[in-house]
Amino acid sequence: MTSSENKTTQTLAQLGISSAEQITPLFAEIQAEFDADASKEFIEVLWKEFRDQWLGRKSGILSRITDNWLKPASPELKRSVGAGLNQLRAHVEAKIEERRLSIEANEEQWTRAHDHFDLSLPGVTRPVGSHHLIRQVFQEIEDIFVSIGFSVVEGPEIETPYYNFEALNIPEFHPVRDDMDTFYIELPKGAPSPLLLRTHTSPMQIRTMEKRQPPVRVIVPGKVYRRDNPDATHSFAFHQVEGLAVDTDITFCDFTGTIEYFVKQFFGPGVKTRFRPSYFPFTEPSVEFDVTCVFCGGSGVSAGGGTCSKCKGAGWIELFGAGMVDPAVYGFVGYDAKKVSGFAFGIGIDRLAMLKYGIDDIQVFFQSDVRFLRQFP
Ligand code: DAH
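With my numbering as the guide, the letters of the sequence shown map in order to residues 41 to 417.
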């Protein structure tokens, strides 16, 4: 409460004023406070508050002077209180009107200045980002497979050991778990099943076949996790695209034809593919697909005449694992292994992106350095 507000809630008697000489200094004090407040910078909202504080009908300071000072004043004081009040009211009203006019003028000026739009000025352009290279490579791969009848499905990154291992024909003490059995989630006691970050996208083979009857043709892009120490070719999180095709009449020829079509679409028609026997518990037979080195064109010799450092002179680069779905896997999803056949593959996306775009360190995919990202708009 300001001093004027405080004083005007009391009567003159309560303020200890009994003679007419004390009235003039009292009004002078009130007016000085008004003048000090009135000269402050106001925004319009505050200005209204200020006006009501002084001139408000019910509890404005001037009304309070009328009610608390003038009305109860003794006959000797009434005259000078009345005169003081009239003078103060005239002063306050004039000043407040003056402020109102100047605030309104300012507002009008402001509005005029800001209402004027120059439509010929260039707009505000915000920098537009782009997809991360990994996302772009996912998209390229999805487009190729969608064009030959595959559909895209996605699945959970947190998996149960059943989907990540057992149903893929990897029982508990199988040696291939060694480099995959990793990143378990800490769960409360009594949780129904352990949980882990999936080590590959292959669990989605099982989840898809549980839900759908053949023919099945899906690809599964996604993130996977392993207990790998980071270096130029390893990261604890990376990306894969799983593929699965199951029907009543799928042959090994369909399998190699599909893979070769994909590789040529992705790297260009000039590359050659080959496959070598390999081993995965969930495929039989299993193969490893190679492609002719995209850096030396398969010659094993670099542009400078030396040994190609990318394929180490071999002329071939290992691409990804694949195979015909092991009949044991069908047993886990209730398919009749005698009636259906199919193939599956698991492509490491980071590796593919590195090969296609000549990147020699997988870590750049995870560092979010815009100087790198901007090179792939
Ligand atoms: N899941 C395997 C891995 O991450 C890759 C793989 C190999 C997937 C062969 C497949 C496959 O579907 O048939 O190492």
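Every residue gets a Cβ at the ideal spot worked out from N, C-alpha and C, and that includes glycine.
Relative to ligand 1, A368 has its C-beta separated by 7 angstroms or more from all heavy atoms.
In the three-state reduction of the DSSP assignment, V193 falls in the coil class, being assigned neither a helical nor a strand state. From the listed residues L236, D219, G189, the smallest Cα separation to L227 is found for L236. Residue state for E328 is assigned as strand, using DSSP reduced to three classes. Around the beta carbon of G338, 16 or more other beta carbons sit within 10 angstroms, so the residue counts as buried. Contact between E197 and M244 does not hold, since their C-beta atoms are separated by about 11 angstroms, which reaches or exceeds 8 angstroms. Counting only runs of at least 3 residues, the stretch 352–396 fully encloses the following beta strand (DSSP E) elements, listed from N- to C-terminal order: 356–365, 381–388.
Distances taken from the Cβ of S242 to the heavy atoms of ligand 1 include one shorter than 7 angstroms. The three-state reading of DSSP puts A272 in coil, since its state is none of H, G, I, E or B. Here the C-alpha atom of T248 lies approximately 44 angstroms from the C-alpha atom of V341.
Taking S275 as the centre and dropping the five residues before and after it, the same chain places the C-beta of D268, D390, I402, Q403, F405, F406 closer than 8 angstroms to its C-beta, in chain order. Of the other Cβ atoms in all chains shown, 16 or more fall within 10 Å of the Cβ of S44; this residue is therefore buried. Beta-bridge partners of S318 (DSSP): S326. Pairing T241 with Y265 gives a Cβ-Cβ distance that is not under 8 angstroms. Contact between G355 and T332 is confirmed by a C-beta separation of about 6 angstroms, below the 8 angstroms threshold. For F292, the distance from the CB to the nearest heavy atom of ligand 1 is not below 7 angstroms.
Annotation for E197 indicates a beta carbon at 7 angstroms or more from all heavy atoms of ligand 1. Per DSSP, L284 is one residue of the beta strand (DSSP E) stretching across 277–287. Under the 10 Å beta carbon count, N126 is surrounded by fewer than 16 other beta carbons and is classified as exposed. According to the DSSP assignment, G122 belongs to the alpha helix (DSSP H) that extends over 115–154. Taking 8 angstroms as the cut-off, the beta carbon of I101 is found no closer than this to the beta carbon of T64. In chain order, A207, I246 place their CB closer than 7 angstroms to the CB of F372, counting only its own chain and leaving out the 5 sequence neighbours on each side. Ranked by Cα distance from E300, the first of H279, L284, D330 is D330. By a beta-carbon distance limit of 8 angstroms, G363 does not contact V410. Their separation comes to about 40 angstroms. Two segments are said to touch when three or more pairs of C-beta atoms, one from each, lie closer than 8 angstroms; by this definition the stretch 150–162 does not touch the stretch 130–139. The continuous alpha helix (DSSP H) containing R411 extends over residues 410–413. Looking from the CA of L110, the closest CA among S99, G124, K98 belongs to G124.
The C-beta distance from R217 to I210 rounds to 6 angstroms, short enough to fall under 8 angstroms. Straight-line measurement puts the Cα of A384 at about 17 angstroms from the Cα of K251.
In the displayed model, T313 falls within a strand according to three-state DSSP. K80 is the residue among D158, K80, I181 whose C-alpha sits nearest the C-alpha of S142. The nearest non-hydrogen atom of ligand 1 is 7 angstroms or more from the C-beta of A277.
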